[in-house]
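Contents: one structure, followed by commentary.
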Amino acid sequence: MEKSFNFVELEPEIYRLWEKVGAFTPKIDPKKKPYVITMPPPNAYDQLHIGHALFVAVEDIMVRYHRLKGEPTLWLPGADHAGLGSQVFFEKLLQKERGISRFELGREKFVDELHKHMTATREVMENQLRKLGASCDWTRKKFTLDPDVSKAVYYTFKKMYDEGLIYRGERIVNWCSKCATGLSDLEVDHREVEGTLTYVKYPFVDGSGFMVVATTRPETMFGDTAVAVNPSDKRYKDLIGKTLKLPLTEREIPVIADEVVDKDFGTGAVKVTPAHDPTDFEIAGRHNLPQILVIDERGKMAEIVGSPYAGMKAAEAREKVLADLEKLGLVEKQVKHIHSVGHCEKCGTMLEPFVSRQWFVKIEPLAKPAIEAVKTGKIKFIPERFEKIYFNWMNNIRDWNISRQVWWGHRVPVYYLVSDKEKFVVAESAEEAKISLGGPVEQDPDTLDTWFSSALWPFTTLGWPESTPDFKYFYPTTVMETAYDIIFFWVARMIMMGLYCTGKVPFSMVFFNGLVRDSQGQKISKSKGNIVDPLVMVEKYGADALRMGLIVGTAAGNDTNVSEDKIRAYRNFANKIWNAARFVTLKQPKGVAIDKVELNERDKEVLKEFGGVVGTLTKLMEDYQFGQAGELIYEYFWHTFCDKIIEEYKNQLDDNARSKAAGAVLHHILKNSLILLHPFVPFATEAVWQELYDGEVITANWPTSRPN
RNA sequence: GGGCUUGUAGCUCAGUUGGUUAGAGCGUUCGGUUCACAUCCGAAAGGUCACUGGUUCGAGUCCAGUCAGGCCCACCA
């Protein structure tokens, strides 16, 4: 054996060995209960970052442990098309490399080229997973846009539409004018913004004075269709029903009463702009008020507003409107006002509430059983506190906007009759739609929110809705392991859709990992320059070291810090394993089994202690306390086995009377320790195993706590 | 506005049903080894476990409050 563990050369070689012997592909055995994890699919264009490395480490520990216990273990890898994110990414690339926009390329070509591009980037991403040691079953890998997965998506859409759980509606949605698409509520990033609250005078048509409304967005006044006050507000009681002249326009609007108006905010009178404010949209619904769109999908003032405002950007128009109102003496006062404004999660643009025609999932019927499943313990969360967060959101859940005005993704399976666009049908294919509508059809241009297909991931990856052998055997899956920041985006929706589509919970446990931060606990970001690139770490210290560095000293659901020092320390540990093995075998290449030698009292004591470690470690593994488990086996192997036991037995290996027994004891602990360490330090343990023992450690048997 | 959560060694963090001398990585000090170990070994310094009160035979661990952070959710114009 070499003097040290050469991870640069050995790790890839060992990974190939595992693939060659088919260690990642489980054998379907009806008599055994499988252990199944669906990998959270990284974006197909992703360069893996340190957060990916963490989930790989945690999930790989889980699957390696259960594989060692002899359970048919499936870890199913995948890649996500990441709709809007990928589209934005590829648009930038097009602009940079060819200087063209997606519109110049055209939809069909754009989609086609992005598909090709992703096939290539996806391979890079998958190879990065290999470098991290992910022991997932590549024979079953899936992509969200695979034909069978897409088919399942369309099937689900149709089923939900037919059962009244998906509907089309003219609703106010969060609109990003830069991305030119509507978003779901979850994709809105609320930020505190210092704005100005302007008090504007609206004159009564009968000349009896003014009503003063407070607004942060005067430019939307062209879309006002009423002014609302609280019905119990004594100040305005007699004014309800009167008519106001909307300044800068020729329109007249009524004063109405609605409960949602807060008497204590501003003047207690609010301008109602149904097309551009969610609350106002609801007020309008209750009072049958018209909606007037005054800002278009690109964030500019609409034609209907007229000169000189039409065509201006909303911010520009605001200045102009204020100036014009000022001239008319209609601005009472302006005060600074801090309020929370929605921004696009992807591009940071301030969002515009915007009425448009979108597809929605009626969520309440889905949420109820999903709440129940967690309440009754059919699904357990680790750590438990996320159950509260889950209930809190699920109990206040609102309908889900699933359509996106984006090109990249699953196209909404809705077809319109070309001769009459009001006639449409939901169908799994254009052919079907054509027959059903009796004429040429055109598919809806929208695509589905990426999270819609993600919500189906635990079962579409196994062949659902077909009743495949994989689906029958591996579903429901065992653990969903993911970062806590996508509990609503993903976990909650998988539970809802899993129950709806399959009638079963999609997994029986959710394990939340934290976010990875730098050595000072700072959020990792490019702009901060504190990126820790997992692949650079792998090259410098090995995947084993990186994994240990990410796992030890962390707890489920808590954020975890990485530092190069810590990773380096575990590089030394991987090397320590290598050298302990090297030393033992230097003296005795193969140990005899401990039941073939005469053990003295000290031997028995040492073995008993080891048995205790096996017991404690097993308990920690069963309880999903991997940080603790890693620390325990690290501590035992280095500071007990190496520092104490090997030191103590060193001389005995040359002593004829004791050499056999001493060698047997050392080999017994070494060999079994390699198994215990394997989930954490897969490469070094396998490298050593290959030098010393038969077969592969990846498929060895987890030891029991009794030494014999 | 509502909810969740953290405050443990110089730094970053573990410590899951309350139980003996509170742990790790990095850092610091001293000594040794360098024919298993890109080192390693031995030893040491360093903590009123935020604060106050309570429950208990016993609390870092449970409860209440205080102070100081972090995060998430939310249609107050």
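176 is the number that my numbering gives to position 176 of the first sequence; each next residue is one higher, with no gaps.
Glycine is no exception: its CB is placed at the ideal position from the N, C-alpha and C atoms.
{"query": "Distance, Thr144 Cα to Val414 Cα", "result": "20 Å"}
{"query": "Spatially closest choice to Ile253 from Ile283, Val688 and Ala226, by CA coordinates", "result": "Ala226"}
{"query": "Residues bridged to Leu197 (per DSSP)", "result": "Val335"}
{"query": "Option in Asp80, Ala79, Gly78 and Val63 with minimal Cα separation from Pro72", "result": "Val63"}
{"query": "DSSP beta-bridge partners of Gln443", "result": "Tyr415"}
{"query": "Three-way DSSP call (helix, strand, coil) for Val681 in this model", "result": "coil"}
{"query": "Delimiting residues of the alpha helix (DSSP H) encompassing Thr279", "result": "Pro278 to His287"}
{"query": "For Pro369, the first and last residue of its enclosing alpha helix (DSSP H)", "result": "Glu364 to Lys375"}
{"query": "For Thr699, the nearest candidate out of Pro679, Leu586 and Glu691 (CA to CA)", "result": "Pro679"}
{"query": "Where Val361 falls: helix, strand or coil (DSSP)", "result": "strand"}
{"query": "Residue nearest to Tyr693 in terms of C-alpha spacing, selected from Val681, Thr704 and His668", "result": "His668"}
{"query": "First and last residue of the uninterrupted alpha helix (DSSP H) at Ala317", "result": "Ala314 to Lys327"}
{"query": "Contact belief for Glu481 with Phe511 at Cβ below 8 Å, rounded distance in angstroms", "result": "4 Å"}
{"query": "Spatial neighbours of Arg122 in its chain, beta-carbon cut-off 8 Å, leaving aside the 5 residues before and after", "result": "Ala44, Tyr45, Ala79 and Phe143"}
{"query": "Spatially closest choice to Ile166 from Asp238, Leu462, Trp18 and Leu448, by CA coordinates", "result": "Leu448"}
{"query": "Length of the line joining the Cα atoms of Leu322 and Ala275", "result": "21 Å"}
{"query": "Length of the line joining the Cα atoms of Lys619 and Asp185", "result": "42 Å"}
{"query": "Neighbourhood of Lys20 by C-beta distance below 6 Å, restricted to the same chain and skipping five residues each side", "result": "none"}
{"query": "Residue burial classification, His343 (beta-carbon count within 10 angstroms, cutoff 16)", "result": "buried"}
{"query": "Pairwise C-alpha distance: Pro42 and His52", "result": "8 Å"}
{"query": "Classification of Ala574 by the beta-carbon crowding that lies within 10 angstroms, buried from 16 upward", "result": "buried"}
{"query": "Per-residue burial, Lys131 [other beta carbons within 10 Å of its own, 16 or more giving buried]", "result": "buried"}
{"query": "Spatial distance of Glu326 from Ala317 (CA atoms)", "result": "14 Å"}
{"query": "Candidates Glu631, Arg493, Asn530 and Tyr475, of which the one nearest Lys504 by Cα", "result": "Tyr475"}
{"query": "Delimiting residues of the alpha helix (DSSP H) encompassing Ser453", "result": "Thr450 to Ala455"}
{"query": "First and last residue of the uninterrupted alpha helix (DSSP H) at Ile253", "result": "That residue, Ile253, is in no alpha helix (DSSP H); its beta strand (DSSP E) goes Glu252 to Ala257."}
{"query": "Contacts around Asn561, its chain only, beta-carbon distance under 8 Å, and the 5 residues preceding and following it disregarded", "result": "Val516, Arg517, Asp518, Ser519, Gln520 and Gly521"}
{"query": "Where Lys596 sits in the DSSP three-state scheme", "result": "helix"}
{"query": "Buried versus exposed, by CB contacts within 10 Å (16 or more), Val697", "result": "buried"}
{"query": "Closest by C-alpha distance to Arg404, when choosing among Thr450, Glu372 and Glu432", "result": "Thr450"}
{"query": "Run of the beta strand (DSSP E) containing Arg67, from where it starts to where it stops", "result": "No beta strand (DSSP E) contains Arg67, which is instead part of the alpha helix (DSSP H) from Ile50 to Leu68."}
{"query": "Span separating the alpha-carbon of Ile379 from that of Ser508", "result": "4 Å"}
{"query": "Closest residue to Pro40 among Gln87, Leu456, Val260 and His410 (Cα-Cα distance)", "result": "Leu456"}
{"query": "Own chain residues within Cβ distance below 7 Å of Ser673, not counting five before or after", "result": "Phe637 and Phe641"}
{"query": "Anticipated Cβ contact below 8 Å, Ile338 with Glu192, distance rounded", "result": "6 Å"}
{"query": "Val552 versus Gly311: straight-line alpha-carbon distance, rounded", "result": "58 Å"}
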